[in-house]
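In what follows, a single structure is set out as structure tokens and then discussed.
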Amino acid sequence: MDKNIILSGIKPTGIPTLGNYIGALRNWNLMQQDGNYCYYMVADLHALTVRNDPDELRSQTRSMAALLIACGIDPERSPLFIQSHVHQHAELSWVLGCTTYMGELNRMTQFKDKAAKHADNINAGLFTYPVLMAADILVYGANQVPVGDDQKQHVELARNIAIRFNNAFGETFVVPEPVMPKFGARIMGLQDPEHKMSKTDTNPNSYISMLDEPAAITKKFKKAVTDCEPTIAYAEGRHGCNNLLTIYCACTGKTMDEAVKDFEGCGYGRLKTCVADAVIAELEPVQNEYRRILSDREYLDGVLKKGADTASERAQKTLDLVFERVGIR
Ligand code: TRP
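Under our numbering, think of the first position of the sequence shown as 1, with each following residue one higher.
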């Protein structure tokens with residue numbers, strides 16, 4: 001089997017939720033096995049597309065890196081770095097921008113959503129965001145890109161950019177594919193179980209932050225919206241109940257059949273307590289590890305420096321080839 005080159009990134013805006021953990025970060029850890037080679041980055045350049053406080057961005061970027069290690073990303077195996085520390089991303093992004101059409105970028109649903117949400121700050125970076133993301137991917141020759149549904153369209157654009165460039169200038173880029181999580185891709189909000197759990201939800205009871213204290217986790221699950229059916233079951237239309245069962249399975253490793261059996265004859269009170277306990281058992285070790293790593297400044301700086309060096313060395317090879325292909329070397 002050929003080994004996969006994997007790249008993924010996460011923006012350092014806010015603390016990831018339980019949904020991000022189950023659907024994305026935990027899988028990043030698993031993907032380091034099977035002979036894959038993984039690059040993981042904190043996308044601080046992408047975070048600039050919305051207004052932010054500089055000190056907050058700086059500290060959230062480090063926190064996110066520490067959290068990724070706490071989730072099991074092993075920097076000895078997988079380069080872990082901050083996007084802006086590898087200057088090749090921004091340089092490649094310029095070249096790719098010159099082979100991307102306005103019409104393509106105009107079709108990006110995330111751009112449309114964000115433009116609607118930040119009507120007072122529709123900046124050019126928000127528009128060219130997917131081009132930078134294509135550069136992130138293509139600069140490492142990544143063939144697989146783990147993302148949630150909201151980013152799939154961006155990976156498809158990266159594919160199209162790669163194919164078009166290869167046709168115009170000769171074989172240069174590996175054509176990447178999005179990889180969607182098989183399980184837990186859609187952990188729903190606790191207050192509104194018909195919508196995905198989101199850290200930007202106005203109601204903090206709707207999401208579990210990865211750094212929530214155990215007491216807060218228990219409280220939020222107790223308030224979770226369910227329904228009035230007399231039994232616990234996984235069934236069409238029972239969004240709240242299904243979501244709790246899914247979270248339970250994700251945190252205990254049980255199958256849905258086993259989970260449903262565990263709650264035979266029980267009411268929602270018991271289900272909610274058990275789900276909360278399972279989530280706490282899963283997140284607590286990650287939180288402890290996160291605090292330990294974040295407080296070890298020297299270690300974290302060292303990891304990020306080494307990650308950026310390794311990434312940069314690989315990225316430069318692609319950039320040299322691209323510059324040569326387009327005639328600026
Ligand atoms: N845009 C992604 C998000 O908002 C983060 C990201 C930046 C990314 N560059 C990437 C994801 C490259 C995958 C590959 O979540």
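Yeah, the Cβ is synthetic: ideal placement off N, Cα and C, and Gly gets one too. Because the structure is a prediction, the values reported are computed rather than measured.
Residue from the options with nearest C-alpha to residue i
i	options	result
S84	A119, H118, L45	L45
K317	L67, L138, G14	L138
I187	E171, I6, Y207	Y207
E258	V279, I232, I328	I232
T218	S312, Y101, L271, K112	L271
A224	L244, E284, M210, D212	L244
N4	E177, A278, C266, Y101	E177
F169	S8, R325, R62, I6	R325
N29	N20, E194, I73	I73
L80	G302, E104, G327	G302
H87	I328, A311, R329	A311
H288	I69, K117, D320	Reading off the sequence shown, one finds Asn at residue 288, where the question assumed His. The option with the nearest alpha carbon to N288 is I69.
E104	A158, N123, P204, E298	A158
I6	N36, D277, L304	N36
N27	G148, N166, M256, Q110	G148
G384	T273, V279, M197, D113	This structure cannot speak to residue 384, because the chain is shown only from 1 to 329.
S295	N205, S59, A276	S59
G31	D55, H89, K182	Per the sequence presented here, residue 31 reads as Met, with Gly not at that position. When each option's Cα is compared against that of M31, the closest is K182.
D277	K222, Q110, P75, H89	K222
M108	Q153, I10, V275, D192	Q153
Cβ pair residue i, residue j closer than 8 Å
i	j	result
T226	G237	no
A66	Y268	no
R51	N121	yes
V174	A142	yes
I15	K220	no
I82	A308	yes
V286	C71	yes
D150	M41	no
A115	L126	yes
M210	T17	yes
Y234	Y140	no
K47	L57	Strictly speaking, residue 47 in this sequence is Ala, with Lys absent from that position. The answer is yes: Cβ separation under 8 Å.
T49	Y129	yes
L300	I293	yes
I22	A215	no
E91	L319	yes
L190	N205	yes
Residue i burial status per 10 Å Cβ neighbour count (16 or more: buried)
i	result
P12	buried
I247	buried
V322	buried
Q33	exposed
E24	Here residue 24 is Ala; the residue named in the question, Glu, does not match the sequence. Buried: at least 16 other Cβ atoms inside 10 Å.
D2	exposed
S63	buried
S8	buried
C266	exposed
D212	buried
I328	exposed
S93	buried
G19	buried
N203	exposed
E171	exposed
P230	exposed
K196	buried
P54	exposed
C228	exposed
Cβ of residue i within 8 Å of any chain C Cβ
i	result
I73	The structure shown contains no chain C; it holds only a single protein chain.
For residue j and residue i, believed in contact at Cβ under 8 Å, the rounded distance
i	j	result
V155	V145	5 Å
I161	A134	5 Å
Q | Whole beta strand (DSSP E) elements within the region 82-118, 3-residue minimum | A | With a minimum length of 3 residues, no continuous beta strand (DSSP E) run stays inside the region 82-118.
Q) What residue ranges within the region 142-171 form continuous beta strand (DSSP E) runs of no fewer than 3 residues, ordered along the chain? A) 144-146
Q | Sequence ranges, alpha helix (DSSP H) only - wholly within the region 211-297, length at least 4 | A | 214-222, 239-252, 256-262, 268-295
**Q.** In chain order, each alpha helix (DSSP H) run of at least 4 residues that lies wholly inside the region 40-78
**A.** Listed in chain order, the complete alpha helix (DSSP H) runs (minimum 4 residues) inside the region 40-78 are 44-47, 54-70.
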